[in-house]
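Enquirer:
Numbering (the UniProt record's numbering), first residue to last: 1 to 530.
#1: Just verifying my parser: in three-state terms, what is the DSSP assignment at residue 265?
#2: Between residue 252 and residue 136, what straight-line distance do the alpha-carbon atoms span, to the nearest angstrom?
#3: Name the DSSP bridge partner or partners of residue 278?
#4: Kindly indicate which three-state DSSP category residue 165 falls into: helix, strand or coil?
#5: Quick one: is residue 349 buried, meaning 16 or more other Cβ sit within 10 Å of its Cβ, or exposed?
#6: Residue 315 by DSSP, collapsed to three states: which one?
#7: Sorted by chain position, which residues of the same chain lie with C-beta nearer than 6 Å to residue 226's C-beta, five sequence neighbours on each side aside?
#8: According to the Cβ coordinates, are residue 54 and residue 160 closer than 8 Å?
#9: Only counting the same chain, and skipping five residues up and downstream in sequence, which positions put a Cβ closer than 8 Å to that of residue 128?
#10: Taking only three categories from DSSP, how would you classify residue 241?
#11: Short of 7 Å in beta carbon distance, which residues of its chain neighbour residue 280, apart from the five on each side in sequence? Order them along the chain.
#12: With DSSP as the reference, label residue 101 as helix, strand or coil.
#13: Looking at residue 246: is its Cβ nearer than 8 Å to the Cβ of residue 194?
#14: If we count the other Cβ atoms within 10 Å of its Cβ and call it buried at 16 or more, is residue 248 buried or exposed?
#15: Give me the Cα-Cα distance between residue 205 and residue 340, rounded to the nearest whole angstrom.
#16: Give the straight-line distance between the Cα atoms of residue 381 and residue 326, rounded to the nearest whole angstrom.
#17: By the three-class DSSP mapping on this structure, what secondary structure does residue 225 have?
#18: So, for residue 230: in the same chain, excluding its five sequence neighbours on each side, which residues have a beta-carbon less than 7 Å away from its beta-carbon?
#19: How many Å lie between residue 148 and residue 66 at the Cα?
#20: Is it true that the CB of residue 143 sits closer than 8 Å to the CB of residue 92?
#21: State the beta-bridge partners of residue 122 as determined by DSSP.
#22: Residue 399 by DSSP, collapsed to three states: which one?
#23: Decide if residue 228 is buried, meaning its Cβ has at least 16 other Cβ atoms within 10 Å, or exposed.
#24: With distances taken from CA atoms, which of 162, 123, 85 is nearest residue 58?
#25: At the level of alpha carbons, what is the spacing between residue 292 and residue 72?
#26: What number of angstroms, rounded off, separates the C-alpha of residue 171 from the C-alpha of residue 191?
#27: May I ask you to report which of helix, strand or coil DSSP gives residue 112?
#28: Tell me the rounded alpha-carbon separation between residue 332 and residue 210.
#29: Starting from the Cα of residue 119, find the closest Cα among 345, 214, 278 and give me that residue.
#30: How about residue 322 and residue 256: are their beta carbons less than 8 Å apart?
#31: How close, in whole Å, do the beta carbons of residue 401 and residue 378 come, if the pair is a contact with beta carbons under 8 Å?
#32: Please confirm whether residue 89 and residue 105 have their CB atoms less than 8 Å apart.
#33: Is residue 330 closer than 8 Å to residue 391 when the C-beta atoms are compared?
#34: Taking only three categories from DSSP, how would you classify residue 470?
#35: Where does residue 358 land, buried or exposed, given buried means 16+ other C-beta within 10 angstroms?
#36: What is the DSSP secondary structure of residue 136, counted as helix, strand or coil?
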């Protein structure tokens, strides 16, 4: 359900702010309605190495079709998706063609009074995606992204389905369908900001609830049990405190709820260049990653205040983070379907001790930040080694019935600028260098699928319908410089408007080996749960 996704590119107009407010209100209404209904009622295989075609979908308000989206937006979105997620995952292999797939991406009363309901939009989106996957004519937008349609066949022996926010529900429904009705081609999934995430997604937290006025059905978790003989390998990536994909375990913890609601506006809307995803675990055919958020959403507005606001947010974050985390059970595997647990309470003694330690920790963090000296910590506190804060558990939650090794990931450097140096150093994040290509074509994924119009004819060479996979970089003035300390958007859309990054298609074993070492260290470290 992709509300702030949707911050994704609202052209910086007044409509952007209005939609963000509407979407946040929708989340509040749906969460409270679902909670009330549930209280009243009892209640991976190795990454694919061969080339495939990437079928890329947008989020709410962005069907990746013209004229609803501009060619510039679609080009930027597609190539940022490729550079930040598709290529690093290794799912698509070298020479991966990029195809923007049309999905309605509507929510009645949010995107427009006369628009489709969420359920209707998802159903039509899945139908078009399934046509693409089955090798039937489907509606797509090809480079240079100036025209959408008519329907054409995108033929390949393998596909990678990339989804974001609302379209991750489209992908979830398609995965369910393919488990029951296998496609002739190999299909894998890369899901971002997934509302159906088994542990954290709001559509699983309140599974079984239906809200007629919005046409929203809480349809449960994305499945992970595809056949081992023909797995639908999946990578699921969520940002910490994104209210759609990382909703609190206990919805009765109002502080955690409020933080997640703010996260739908300040975190959910931007997944490009926001940090290195950390491996959370595996569950059957799916590998899960979490992108840590350096400052909790409730404090992000402080970072907009000049002359001290950022330092104040850093000082307050550790203590507030301990309180926010009392609404989450971070020891449960992200692939385990986890509905709302209204009686979940952490170890309050440990939480109180963590809070007492977190207060001076925040002071030390702020002093280190202001002096640009990560070793200057006059209160002699240690920098927390978990994104869940002082006393928090490791991110990695082990593997449950894994189909193979974790699908690897290598991320672009973060654009989040205000976390103190000590915070960035403490977790030992290794950022992949972003090198410039030798030529424009080197930055592109060059192989093209067999794309034919519905009548079966092949477009003449050089026409707009030819699937060119390069895209011009957006002009510098379109780049959103307003990323705050948490890597969140400032209200102006940045998804799809940054220059296309260099696509990395080289080996990623080094990242995977480093991550494995970190997991062994985490598992060897004794931990007292809160």
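Every residue, glycine too, gets a C-beta built ideally from N, C-alpha and C.
Expert: Straight from the coordinates:
#1: Here residue 265 sits in helix by DSSP.
#2: Rounded to the nearest angstrom, the two C-alpha atoms are 47 Å apart.
#3: Bridge partners of residue 278: 290.
#4: Residue state, collapsed to three classes: coil.
#5: Exposed, because fewer than 16 other Cβ atoms sit within 10 Å of the Cβ of residue 349.
#6: Looking at residue 315 - three-state DSSP - the assignment turns out to be helix.
#7: 179, 232, 285.
#8: In this structure, residue 54 lies near residue 160, with their beta-carbon atoms less than 8 Å apart.
#9: Hits under 8 Å: 101, 102, 103, 138, 139.
#10: Correct three-state label for residue 241: coil.
#11: Sequence-distant Cβ neighbours of residue 280 in its own chain, meaning closer than 7 Å and more than five residues away, are 288, 289, 290, 334, 395, 396, 397.
#12: Of the three classes helix, strand and coil, the one that applies to residue 101 here is strand, per DSSP.
#13: The answer is no: Cβ separation not under 8 Å.
#14: Looking at its Cβ environment, which holds 16 or more other Cβ atoms inside 10 Å, residue 248 is buried.
#15: Spanning the two alpha carbons is a distance of roughly 5 Å.
#16: Going from the Cα of residue 381 to the Cα of residue 326 covers about 21 Å.
#17: Coil.
#18: Excluding residues up to 5 positions away in sequence, 182 lie with their Cβ nearer than 7 Å to the Cβ of residue 230 in the same chain.
#19: If you draw a straight line from the Cα of residue 148 to the Cα of residue 66, it comes to about 6 Å.
#20: Not a contact, by the Cβ cut-off of 8 Å.
#21: Residue pairing by DSSP places residue 122 in no beta bridge whatsoever.
#22: Three-state DSSP puts residue 399 in a strand.
#23: By the Cβ neighbour-count rule, residue 228 is exposed, with fewer than 16 other Cβ atoms within 10 Å of its own.
#24: Closest in alpha carbon position to residue 58, among 162, 123, 85, is 162.
#25: The straight-line gap from Cα to Cα measures roughly 29 Å.
#26: Going from the Cα of residue 171 to the Cα of residue 191 covers about 8 Å.
#27: Residue state for residue 112 is assigned as strand, using DSSP reduced to three classes.
#28: Looking at the two C-alpha atoms, the distance is approximately 26 Å.
#29: The shortest C-alpha separation from residue 119 is found at 214.
#30: Cβ distance not < 8 Å, so residue 322 and residue 256 don't count as in contact.
#31: Actually they are not in contact, since the Cβ atoms of residue 401 and residue 378 sit about 48 Å apart, beyond 8 Å.
#32: Contact check for residue 89 against residue 105 fails: the beta carbons are separated by 8 Å or more.
#33: Cβ atoms of residue 391 and residue 330: not closer than 8 Å.
#34: Annotation note: pLDDT 33 at residue 470 (below 50); position unreliable, coordinate value reported separately. Here residue 470 sits in coil by DSSP.
#35: Buried.
#36: In the structure shown, residue 136 sits in coil (DSSP, three-state: anything other than H, G, I, E or B).
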